[in-house]
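>
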Amino acid sequence: MIIRTIDSATITMNDTAPCPKIFSIEHGSNTSITNICLSKIMNITTTGSSSLVFNESLTCTTAIDIVASGTTQVTNICADNTLNITGTDLSTVNVRTSSQCPNNTIIVGSNGTQIFNVGATSTLNIQVTDSATVTLAESCLCSQNTFITSSSTIPISGICAHNTLQLLASDSSALFVNTAVVCPQTINVIASDSTLIPNLCATASLNIQAANTANVSINQTSSCPLNTNIISSTLIPISNICAQNTLQLTGNVNSNLTVDSTAICPQNTTVIASNATLISNICAISRLIIQAQSMANVSINHTWPCPQDTTVVSSSSVPINYICAQHTLQLTATGLSNLIVNSSMICPQTTNATALDTTIIPNLCASSQLTMQAANSASVSINNTWACPQSTTITSSSTIPIPNICANNTLKLTGSNSSYLTVDSTTVCPQNTSVVGSQRAVILNLCGTMQLTIQASDTANISINQTWPCPKYASISSSSSIPIANICAQNTLQLTSSGTSNLTVNSTVVCPQTTTVIASGNTSILNLCASSQLTIQAANTANISMNHTWPCPQFVNIISSSTIPILDICAQRTLTLTDSGSSGFGIDSSVMCPQTATIIASGTTPILNLCATLQLTIQAGSTANVAINHTWPCPQSVTISSSSNISILNICAQNTSTLTGSRSSSLMVDSSVICPQSTTVKASDTTLIPNLCASSQLTIQAANTANVSINHTWPCPQSVNINSSSTIPILNICANSTLTLTGSDSSILMANSSVICPQNTTVTASGTSLTSNLCASSQLTIQAANTASISINHTWPCPQSTTIISSSTILISDISAQKTLKLTSSGSSILNVDSTVICPQNTSVVASGTSMITNICATMQLTIQAIDMANVSINQTSPCPTYVSVNSSSNLSISGICAYNELQMYVHQTSELIINSSIVCPDMTYVVASEQAYITNLCANVELDVEVYDLAIVQPNTSWLCPQKTVVTATNVNNTLSFCALNSMFINVINSTFVYNSTQPCPINITITASNGSNVFNVCSSLNTNIYAKNSTVLTDEFGCSSVVNVTATNLAVVYVCATSAIYAVASFNATIYYKGPLASNSSIDGSEIIPWV
């Protein structure tokens, strides 16, 4: 049903008719509508001076929404579920008092509207402004949740809620909470202007924001909520504040917050106070946090036990007293703040304090960790009645002294500006102490049982309490002009000084195991010592002194460029010195000599009295002055590298000596008493290294005008290796086992082979070098080039093996070997073999250019390769070798060639090989001859293989019996070949002529292959003759007929054969076979003929 009225319209409702489910009324008439039934859903809008009267005998609607304005009046409304009323102007809305309260009610009132008897069981939401009046129905129980926003001057009373109560009040509103009925779980209050909200309480959470002159009060008869959060800038005090778990208070302007901590103290309390705020009687069981600014006044109820943790940050000029904590205390003070710690009964485990400006923080203490930062003129003091903390860390630039500093385990101090830190080390000394001091800081009475670390700069004044035992470890770095005395350590001492610092070590009672020093500038470090390791770096004019009353350290390592000498240096095992500039080291080797000494010296440094029992290593440069204490036995090994123009004397070693000299250095070896097993020398420029010797290995490299000499009074070394390009001769060279010489430029190497000859000698010579008196008992190897001159001492027995490669123009004579001789010559070199006494078993020769190799011989094998115009001669007075191989293309002939078992010859170009077969003929001879080669006096006992090409001439020695077997291969040979055989002969000719030597007996079997116009004459055999002729002529000796002849002729070939038993003939392609004897079979085709030989 929908009703709309205007003007003076009159509506009469039938109270006996059924009520519609949905009823909508828009009433603008000035008349009344009565007996309105309450349908299920109603929407009503009234204006003007209209009046709506609902039938109160009927049940309530489910939901009703009323908007009333003007002077309208609405009476007897009610709803079971939802009631929404919006009233403006002077409208009046009455809710039926006898009905039950709706579940949810929303009230919006403004101007002078009046809304009576509202309530809700679930949620009540009220918004009122101006002078709107809203009254709560006393018949309704408190809603679960109540939300009220009011700026109306008309108070609202009887406010309550079970769960959540939210109040937003402004202007002059007044909200009266009925806490006599129920205390809600949560209250959220925002009050401003001159509002009044009294009697607040909450069981779970109380949240209040109050500003201006808002008057908010808490019901003190109710129990404290679990959590309370109050933000106040109102001038009206708020008292009876309490909480069980968490209390958060924020006060500013002139707010006044009074905590009721007489009966209960919250677990956690957080306070933020500024301006002239007063917050009193705060406390906390677990955590207390305070932030105070300006002139905020915060007081602590000290009747409660101290919180577990307390954090105070203050810049307020009003002191905060009774500050304490059981576990952690954190204090930050700035401005004129004053934080008074109550450490009379309890001392926190951890205390962190930061103080700036002119703040005051007295009576600090901590059982575990104390951390302090002080700056400007902040005054921080420590309560010395408590035991020292386990760890203390203090950083101060404040001008106010901090006394009574102590710690059991760790003490860390940083002082700057004009700070003054005094350690109380009368009773306890921390295990670890670390100090940094700068500017004008003063830090006194330091000590540490385990580790003491100090950094000092500017004019920082740091002192050490010497009454305590020395720490295990001490590390001090100072550039301060104020001395630090009484420095000591048991295990490790590390000192770094610069500027004009002065560090004095107290080594009268204890000497550290390890001491490390770095000093520069004009610093001074005195009375150093170490039992195990001493390490020093000194520069500029640093002054370092040793306490020589202690035993020498095991290891010493010193690097210095300071102009101040370091004296009393000694070590038991290892000494390492590096110096530059003009400082100098004074080594005390009067009592102790280290096992190993290593020296690096440059500039004008003097390093005196060196010694070592195992290893001595020296590097000297510029004009460094290094002296060896020769009163000690020679070290096992010595390594010296010098370019200094100051001589190093008394050099000696038992096992190994390694010397390197350059520029104008002088290394004077003392080999008068002992000679090392191995000596290695490298000399260049104008270096002088005399009196060298070695029992096992001597190695020398010499260059420029280096002067190296050998002490020949000692037995020769086992092995010698010399490489020289120096113009200064090296004399008295000898070796027992191995001698290796390399000479270049104009070097001179004089071997002393008058008494001993090495087993193996290897020589490499070039330039104009001279290497003389060489010999070897086992192996002699020579390489010579340019105009290198090499001489061999022929008074010694010949080496077992000799290998010479020469391109030098200087003759090498007296060459010999017992077993193996290998010669390679090139250029115009000359190698003269001494084969008058002994002939090697095996000789191998390679000759080229215009080189000459003379008087070669061999008993077992002789191999010759000759090319160009090389001249190779054989000593014909020596017995022939067993095996000979000659490969020659040289223009010069080789004569006297002979062999017992086998002779191989490969001859090319115009070379000539003359065989000496007057006495001996080899069993096997193999010949390959080509071009214009010439071979004479060829013979063989068992087998002769001949290959001939071109214009080559090969002539046999007919005074010897024919070989058992002869193989002749001729290709395009212009000369007639003539050979013979006893058993078998094989002739293969191509465009060549062969004539059998008819003065020799016929072979048993002969095989002939002739082609390309070849001629074969006077061939014969006693048993079998096999002939294949193609375009060639073959004529057998009719007086030396074979028993059986097999002949094949083709391509115009002409063959004459005879046989005593049978002839087998095949002719083709106009070939002709003339036969004499019985023709066993024949075949002629293609114009061929087989006809009797008449």
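When we follow our numbering, the leftmost residue of the sequence shown carries the number 8, and every step to the right adds one.
Here a beta-carbon is modelled for each residue, glycine too, at the ideal position from N, C-alpha and C.
Predicted, not measured: the structure shown is a model, and the values here were computed from it.
1. Decide if Q380 is buried, meaning its Cβ has at least 16 other Cβ atoms within 10 Å, or exposed.
2. Using only alpha-carbon positions, find the residue among K826, L453, T341 and P697 that is nearest to L738.
3. P613 bridges to which residues according to DSSP?
4. Can you tell me which of the three DSSP states S895 falls into?
5. Which runs of the beta strand (DSSP E) spanning at least 3 residues fall entirely within the stretch 454-488, listed in chain order?
6. Going by alpha carbons, who is nearest to S28 out of L45, S36 and T17?
7. Starting from L828, follow the beta strand (DSSP E) in both directions and report where the run begins and ends.
8. Quick check: the Cα distance between C249 and A218, rounded to an integer number of angstroms?
9. Please report the straight-line C-alpha distance between W721 and L828, rounded to a whole angstrom.
10. Rounded to the nearest angstrom, what separates K1171 and T511 at their Cα positions?
11. On a Cα-Cα basis, can you pick out the residue from S925, S398, T638 and P244 that is closest to Q356?
12. Just grab the DSSP bridge partners of N359 for me.
13. With H, G and I counted as helix, E and B as strand and the rest as coil, what does DSSP make of R11?
14. Comparing alpha-carbon positions, which option in A75, T734 and T768 lies nearest Q725?
15. Buried or exposed: which applies to T17, given that a residue is buried once 16 or more other Cβ atoms fall within 10 Å of its Cβ?
16. Just reading off the beta strand (DSSP E) that E950 is part of, what are its end residues?
17. Between S441 and T429, which are expected to be in contact by the criterion C-beta below 8 Å, what is the C-beta distance as a whole number of angstroms?
18. Can the beta-carbon of C290 be found less than 7 Å from the beta-carbon of C313?
19. Under DSSP, the beta strand (DSSP E) around D87 begins and ends at which residues?
20. For the candidate residues I922, V953 and C928, whose alpha-carbon lies nearest to that of N7?
21. For A168 versus N152, is the C-beta distance shorter than 7 Å?
22. Let's see if you can read the secondary structure: which residues bound the beta strand (DSSP E) around H34?
23. With DSSP as the reference, please indicate the residues paired to V563 in a beta bridge.
24. For a quick check, are the C-beta atoms of V278 and V260 less than 7 Å apart?
25. Taking all protein chains shown into account, do 16 or more other C-beta atoms lie within 10 angstroms of the C-beta of N995, making it buried, or fewer, making it exposed?
26. Check P697 in the structure and name its three-state DSSP category.
27. Assuming contact is defined by CB atoms lying nearer than 7 Å, are C436 and T417 in contact in what I supplied?
28. Excluding five sequence neighbours on each side, which residues of the same chain lie with their C-beta closer than 7 Å to the C-beta of I9?
29. Which value, in whole angstroms, describes the spacing of the CA atoms of S597 and S487?
30. Rounding to the nearest angstrom, what Cα-Cα distance links A1110 and S323 in this structure?
31. Tell me whether V762 is buried or exposed, calling it buried when 16 or more other Cβ atoms sit within 10 Å of its Cβ.
32. For V935 and V953, what's the separation of their Cα atoms in angstroms?
33. Would N908 pass as a contact of Y933 if the rule is Cβ separation under 7 Å?
34. In angstroms with no decimal places, state the Cα-to-Cα distance between T53 and L97.
35. For my contact list, T365 and L336 are in at a C-beta cut-off of 8 Å; report their separation, rounded to the angstrom.
On the basis of the coordinates in this document:
1. buried
2. P697
3. N632
4. strand
5. 458-463, 468-471 and 480-485
6. The identity of residue 28 in the sequence shown is Lys, whereas the question assumes Ser. Closest by alpha carbon: L45.
7. Run containing L828: T827 to S832, per the beta strand (DSSP E) assignment.
8. C249 and A218 have their alpha carbons spaced roughly 20 Å apart.
9. 33 Å
10. Only positions 8 to 1101 of the chain appear in this structure, which leaves residue 1171 out of reach.
11. S398
12. Q337 and T378
13. strand
14. T768
15. exposed
16. E950 to Y956
17. About 17 Å separates the two Cβ atoms, so there is no contact after all.
18. no
19. A86 to G94
20. Nothing in the structure corresponds to residue 7, since the chain is present only between 8 and 1101.
21. yes
22. Looking at the DSSP string, the run of the beta strand (DSSP E) that includes H34 is I29 to H34.
23. L541 and L582
24. Cβ atoms of V278 and V260: not closer than 7 Å.
25. buried
26. Per DSSP, reduced to three states, the secondary structure at P697 is strand.
27. no
28. Apart from sequence neighbours up to five positions away, the residues of its chain that approach I9 with a beta-carbon distance below 7 Å are S31, ordered along the chain.
29. 37 Å
30. Absent from the structure is residue 1110, since the part of the chain shown begins at 8 and ends at 1101.
31. By the Cβ neighbour-count rule, V762 is exposed, with fewer than 16 other Cβ atoms within 10 Å of its own.
32. 6 Å
33. no
34. 12 Å
35. Their Cβ separation, rounded to whole angstroms, is 21 Å, which puts T365 and L336 out of contact at 8 Å.
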